[in-house]
Amino acid sequence: MNAAPLTYRVTRNEKARTPAERDAILASPGFGLHFTDHMVAITWDKAQGWHDAEVRAYGPLSLDPAASVLHYGQEIFEGIKAYRHADGSIWTFRPDANGKRLQRSAARLALPQLPVNEFVESLRQLVAIDGDWVPSAPETSLYFRPFMIATEAFLGVRAAQQAGYYVIASPAGAYFAKGVSPVAIWLSEDYARAGKGGTGAAKCGGNYAASLLPQQEAQAQGCSQVLFLDPVEGKYLEELGGMNVFLVYKDGRIVTPELSGSILEGITRDSIIQIARDRGHTVEERRISIDEWKQGVASGDIVEVFACGTAAVITPIGQLKGKGFEVGDLAAPAGEVTMGIRKELTDIQYGRLPDRHGWLVKLRD
Ligand code: PLP
Ligand code: COI
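The letter at position 146 of the sequence shown is residue 146 when you use the numbering used here, and the numbering goes up by one with no holes.
This is the structure:
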């Protein structure tokens with residue numbers, strides 16, 4: 001449907017935080033703890049399509065208790081950041097890729113598709129009013145959380161005929177409390193995150209709900225993330241609860257699980273593949289068995305392992321633990337290949353290196 005671009009009604013938050021209150025939050029934002037003064041909301045129904053776009057005060061949603069999102073979990077989301085460059089301007093990274101992924105998630109969850117240009121415009125609208133919330137300290141950003149829910153009040157099990165799309169934003173520092181130092185991860189052998197033909201490739205809340213119990217298990221074992229294996233044979237690496245994973249070989253090869261249909265097609269993953277190739281690495285997207293990881297680390301063939309995602313950026317993995325085994329050495333410093341790619345990616349995002357792949361989109365001067 002080639003609808004006319006949406007026009008926004010903008011209502012300012014009467015209770016917006018003062019500059020001093022905002023600065024206190026930006027001085028130590030953490031991750032996902034604080035939210036800006038405004039949000040975007042767009043309504044959809046079957047008859048009218050997308051309509052009633054607005055920017056309004058950040059605050060609770062009003063939902064009918066029968067709304068299908070509350071019963072059948074019809075929900076999808078995205079994660080994308082705004083970066084402040086040295087000249088004060090505000091940019092985002094590959095928003096078309098996130099917009100397209102939101103559309104793929106919508107298709108899988110039988111939700112309506114928001115046009116990609118409207119996805120990008122929704123970020124622009126929020127930054128137009130809340131731009132002062134984009135922090136400027138190194139490694140900080142404004143994390144957008146666009147999401148869509150089925151709002152129709154109907155208990156029959158079918159695709160909802162009413163939905164809402166929203167964008168909230170949260171100033172962000174490092175995702176892991178210790179910043180860029182190696183983390184330990186836990187191999188989940190009892191639980192899978194996704195099933196064959198399921199929703200693993202979609203960014204939907206249900207996948208994360210399914211990861212929370214194994215995530216608790218990981219934390220009880222002193223690990224910060226869970227590693228999931230393929231749901232069919234329980235043998236091949238898939239991804240972490242909220243990140244993709246890469247292994248670096250001694251000979252410079254970089255290997256990552258192929259897109260199996262049950263893992264999320266990470267935009268950071270895709271960007272790393274490109275940057276690694278630019279840097280002369282051979283990159284393989286293929287099946288990787290858990291034994292290949294264990295044996296490779298033991299023999300010294302695998303020299304670095306890292307996780308990646310919008311929230312986590314690139315985080316070195318120092319140790320893999322599971323029932324009755326541990327591989328890797330947390331005391332080892334973060335690897336050179338990992339940190340080299342990380343620096344190049346963040347230098348592009350923060351405008352310190354030329355944007356040679358055309359990945360950056362300016363949101364505000
Ligand atoms: N895998 C999962 C399950 C995720 O939640 C994320 C985060 O969004 C990723 C991978 C990485 O995706 P991206 O790099 O697009 O943020
Ligand atoms: C992201 O990186 O954007 C995610 O959605 C992952 C989540 C663990 C915060």
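Even for Gly, the Cβ is constructed at its ideal location relative to N, Cα and C.
Beta-bridge partners of residue i, as assigned by DSSP
i: residue 237; result: 229
i: residue 315; result: 307
i: residue 145; result: 168
i: residue 204; result: 76
i: residue 330; result: Note: residue 330 sits in no beta bridge, so no partner.
i: residue 39; result: 56
i: residue 138; result: None, per the DSSP bridge assignment.
i: residue 45; result: 49 and 162
i: residue 360; result: 93
i: residue 285; result: 256
i: residue 220; result: DSSP, once it has assigned bridges, lists no residue as partnering residue 220.
i: residue 81; result: 143
Cβ-Cβ distance between residue i and residue j below 9 Å
i: residue 11; j: residue 54; result: yes
i: residue 214; j: residue 239; result: no
i: residue 104; j: residue 201; result: yes
i: residue 26; j: residue 133; result: yes
i: residue 162; j: residue 44; result: yes
i: residue 143; j: residue 61; result: no
i: residue 330; j: residue 174; result: no
i: residue 91; j: residue 349; result: yes
i: residue 139; j: residue 248; result: no
i: residue 209; j: residue 31; result: no
i: residue 110; j: residue 159; result: yes
i: residue 231; j: residue 266; result: no
i: residue 237; j: residue 271; result: no
i: residue 135; j: residue 29; result: yes
i: residue 224; j: residue 33; result: no
i: residue 154; j: residue 47; result: no
i: residue 146; j: residue 3; result: no
i: residue 121; j: residue 5; result: yes
i: residue 56; j: residue 98; result: no
i: residue 180; j: residue 315; result: yes
i: residue 119; j: residue 361; result: no
i: residue 328; j: residue 250; result: no
Residue burial classification, residue i (beta-carbon count within 10 angstroms, cutoff 16)
i: residue 130; result: buried
i: residue 193; result: buried
i: residue 68; result: buried
i: residue 218; result: buried
i: residue 319; result: buried
i: residue 255; result: buried
i: residue 38; result: buried
i: residue 78; result: buried
i: residue 117; result: exposed
i: residue 9; result: exposed
i: residue 95; result: buried
i: residue 326; result: exposed
i: residue 112; result: buried
i: residue 344; result: buried
Exercise for review: Please determine if the stretch 335–352 and the stretch 300–316 are in contact, where contact requires at least 3 C-beta pairs separated by less than 8 Å.
Suggested key: Yes, they touch.
Next on the checklist: If contact is defined by three or more beta carbon pairs under 8 Å, each pair taking one atom from either stretch, is the stretch 148–158 in contact with the stretch 272–288?
Outcome noted: Touching, no.
Starting from the N-terminal end, write out each residue whose C-beta falls within a distance shorter than 5 Å of any non-hydrogen atom of ligand 2. So the residues near ligand 2 by this Cβ test are 79, 242, 309, 310 and 311.
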